[in-house]
Amino acid sequence: MVFLAASVIAQAPQGRFTVFDGSGNPVDLETIVDKMANADVIFLGELHDDSIGHQLEYEIFRLLADKYSRERKIVLSLEMFERDIQIVLDEYLQGLITENHFLASSRPWGNYKTDYRPIVELAKERRFPIIAANAPRRYVNMVSRGGRQSLSRLSDRAKEWIAPLPYPPASEIYAKKFKALMGGSGEAQMGLDNILDSQALWDSTMAHSIKLILEKERKALVVHLNGGFHTENRLGTVEQLLSYFPKARAVVVTFRYETDFRTFISEKHKNLGDFVILTDASAPRSQR
3 MVFLAASVIA
13 QAPQGRFTVF
23 DGSGNPVDLE
33 TIVDKMANAD
43 VIFLGELHDD
53 SIGHQLEYEI
63 FRLLADKYSR
73 ERKIVLSLEM
83 FERDIQIVLD
93 EYLQGLITEN
103 HFLASSRPWG
113 NYKTDYRPIV
123 ELAKERRFPI
133 IAANAPRRYV
143 NMVSRGGRQS
153 LSRLSDRAKE
163 WIAPLPYPPA
173 SEIYAKKFKA
183 LMGGSGEAQM
193 GLDNILDSQA
203 LWDSTMAHSI
213 KLILEKERKA
223 LVVHLNGGFH
233 TENRLGTVEQ
243 LLSYFPKARA
253 VVVTFRYETD
263 FRTFISEKHK
273 NLGDFVILTD
283 ASAPRSQR
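In short: position in the sequence shown from 1, add 2, done, that's this note's numbering.
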């Protein structure tokens with residue numbers, strides 16, 4: 003069953019995506035893989051319902067593993083799992099518990115089986131570590147409701163599941179971008195600064211999780227999956243990683259689905275990442 007899922011998603015959807023560097027020059031997936039020879043971490047910034055993007059993430063991960071795993075430790079890091087379930091994830095990777103028990107105890111996203119299971123199973127098959135990198139949502143929600151100071155009331159054990167306090171605030175440029183995205187929504191009107199701080203907790207916890215890997219494994223190659231907003235323009239999680247680990251060499255890949263996915267529009271796509279992958283917007287959306 004594992005091999006069937008992997009073999010299906012590994013068939014990159016030729017003709018339904020285009021790859022560019024951050025300036026809009028056409029490249030290919032192999033160019034991205036080659037770039038990782040001198041990098042520590044690659045951020046794959048997805049749209050969570052981009053079915054083609056998920057297939058391409060798998061393909062990039064497979065290509066990286068094939069090329070570098072003999073000389074470097076490959077580590078898969080995921081926004082989609084929260085730090086407090088790391089023990090459950092490790093038990094599954096070690097074959098101690100069944101997949102059903104793993105899923106019952108790890109709060110997987112609704113599209114886990116279609117979009118993330120194949121890459122998890124490939125890492126499991128090759129005995130690569132997988133990091134549950136994200137802050138528990140209940141603590142992100144605490145900040146949204148009560149501000150970052152509310153986290154001080156957590157137990158010492160609970161604080162291990164988030165970035166060290168006080169975690170860094172969002173940068174000015176990231177804050178401006180975030181507030182523009184939130185606009186005048188009802189949620190934003192109830193406390194935009196707290197919501198921004200909750201986003202910063204998300205970013206800083208993922209960044210701190212990656213920092214811990216790079217400190218422990220000097221030659222590690224970390225492949226981190228996250229929503230594109232967290233890393234677009236090398237902001238958010240990328241900025242936070244560099245605050246924790248200034249020497250980190252990061253490559254950012256940003257996925258966007260577009261009706262005209264063959265055309266790079268500078269005003270829209272330039273410098274969204276070191277690489278920008280445009281996928282066919284007519285493809286069925288993943289269901290979360």
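Idealized CB from N, CA, C, for every residue including glycine. Nothing here was measured: the structure is a model prediction, and the numbers come from that model.
In this structure, how does DSSP classify Arg290 when only helix, strand and coil are distinguished? Within the sequence shown, the letter at position 288 stands for residue 290. In this structure, DSSP gives Arg290 a state outside helix and strand, which the three-state scheme calls coil.
Tell me which residues share the same chain as Val224 and place their Cβ nearer than 6 Å to its Cβ, disregarding the 5 neighbours each side in the sequence. As a first step, residue 224 must be located in the sequence shown, where it is residue number 222. Cβ neighbours of Val224 beyond the five flanking positions: Val43, Val77, Ser79, Ile212 and Ile215.
For Ala67, the first and last residue of its enclosing alpha helix (DSSP H): For the purposes of this step, residue 67 is taken as residue 65 along the sequence shown, with counting starting at 1. Counting along the chain, the alpha helix (DSSP H) containing Ala67 begins and ends at Ser53 to Tyr70.
Using alpha carbons as the reference points, say which of Ala106, Glu59, Ile133 and Lys221 lies closest to Val21. For the purposes of this step, residue 21 is identified with residue 19 of the sequence shown, where counting begins at 1. Of Ala106, Glu59, Ile133 and Lys221, the residue nearest in Cα terms is Glu59.
Quick one: what does DSSP say Asp195 is sitting in, helix, strand or coil? If you number the sequence shown from 1, residue 195 lands on position 193. It is helical.
For Arg74 and Gly148, what's the separation of their Cα atoms in angstroms? Along the sequence shown, one-based indexing puts residue 74 at 72. Along the sequence shown, one-based indexing puts residue 148 at 146. Using only the alpha carbons, I get a separation of about 42 Å.
Quick one: residues in its chain with C-beta nearer than 8 Å to the C-beta of Tyr259, no 5 flanking neighbours on either side, listed in chain order? Taking the first residue of the sequence shown as 1, we reach residue 259 at position 257. Shown here for Tyr259: same chain residues with a beta carbon closer than 8 Å to its own, the five before and five after excluded, namely Leu49, Asp52, Ile54, Gly55, Leu280, Thr281, Asp282, Ala283 and Ala285 in chain order.
Flag this pair as yes or no: are the beta carbons of Gly46 and Asn228 separated by less than 9 Å? As a working note, residue 46 is residue 44 in the sequence shown. As a working note, residue 228 is residue 226 in the sequence shown. Inspection of the sequence shows that residue 46 is occupied by Leu rather than by Gly. Less than 9 Å divides the Cβ of Leu46 from the Cβ of Asn228.
For the putative contact between Asn136 and Arg85, defined by C-beta atoms under 8 Å, what is the C-beta separation to the nearest angstrom? Stepping through the sequence shown from its first residue, residue 136 is reached at position 134. Stepping through the sequence shown from its first residue, residue 85 is reached at position 83. Indeed they touch by this definition, with Cβ atoms about 7 Å apart.
Between Lys126 and the rest of its own chain, which residues show a CB-CB distance below 7 Å, the 5 nearest in sequence each way excluded? By 1-based counting over the sequence shown, the position of residue 126 is 124. Non-local beta-carbon contacts of Lys126 in its own chain, meaning distances under 7 Å to residues more than five positions away in sequence, involve Leu95 in chain order.
Between the Cα of Leu183 and those of Gly97, Val122 and Gln201, spot the shortest distance and give me the residue it belongs to. Here the question's residue 183 lines up with position 181 in the sequence shown. The shortest Cα separation from Leu183 among Gly97, Val122 and Gln201 belongs to Gln201.
Under 8 Å Cβ to Cβ from Glu217, same chain only, skipping five residues before and after it: list those, please. Here residue 217 corresponds to residue number 215 of the sequence shown, with the count starting at 1. Around Glu217: Phe247.
If Ile121 sits next to Phe63, beta carbons under 8 Å apart, how far is it from one beta carbon to the other, in whole angstroms? Indexing the sequence shown from 1 puts residue 121 at position 119. Indexing the sequence shown from 1 puts residue 63 at position 61. So it is a contact: roughly 6 Å between Cβ atoms.
So, is Lys265 buried or exposed, given that buried needs 16 or more other C-beta atoms within 10 angstroms? Your numbering for residue 265 matches position 263 in the sequence shown. The amino acid at residue 265 is misidentified as Lys; the sequence shows Thr. Looking at its Cβ environment, which holds fewer than 16 other Cβ atoms inside 10 Å, Thr265 is exposed.
Please confirm whether Tyr141 and Leu203 have their CB atoms less than 9 Å apart. Residue numbering aside, residue 141 sits at position 139 when the sequence shown is read from its first letter. Residue numbering aside, residue 203 sits at position 201 when the sequence shown is read from its first letter. With a cutoff of 9 Å on beta-carbon distance, Tyr141 and Leu203 are scored as near each other.
Whether Ser245 touches Ile197 by CB criterion (9 Å): By 1-based counting over the sequence shown, the position of residue 245 is 243. By 1-based counting over the sequence shown, the position of residue 197 is 195. Not a contact, by the Cβ cut-off of 9 Å.
Check the DSSP bridge columns for Ala125 and list the partner residues they point to. Indexing the sequence shown from 1 puts residue 125 at position 123. Residue pairing of Ala125 in beta bridges, as defined by DSSP: absent, with no partner found.
CA-to-CA distance, Lys270 to Lys115, given in whole angstroms: As a first step, residue 115 is located in the sequence shown; it is residue number 113 there, counting from the start. As a first step, residue 270 is located in the sequence shown; it is residue number 268 there, counting from the start. Straight through space, the alpha carbons of Lys270 and Lys115 are spaced by roughly 32 Å.
Contacting residues, own chain, Cβ-Cβ under 6 Å from Gly112 (five flanking each side not counted): Position 110 of the sequence shown holds residue 112. Same-chain partners within the cutoff: Arg290.
Comparing C-alpha positions only, which one of Ala250, Ile175, Lys178 and Arg236 sits nearest to His210? Taking the first residue of the sequence shown as position 1, residue 210 is located at position 208. Among Ala250, Ile175, Lys178 and Arg236, the Cα nearest to that of His210 belongs to Ala250.
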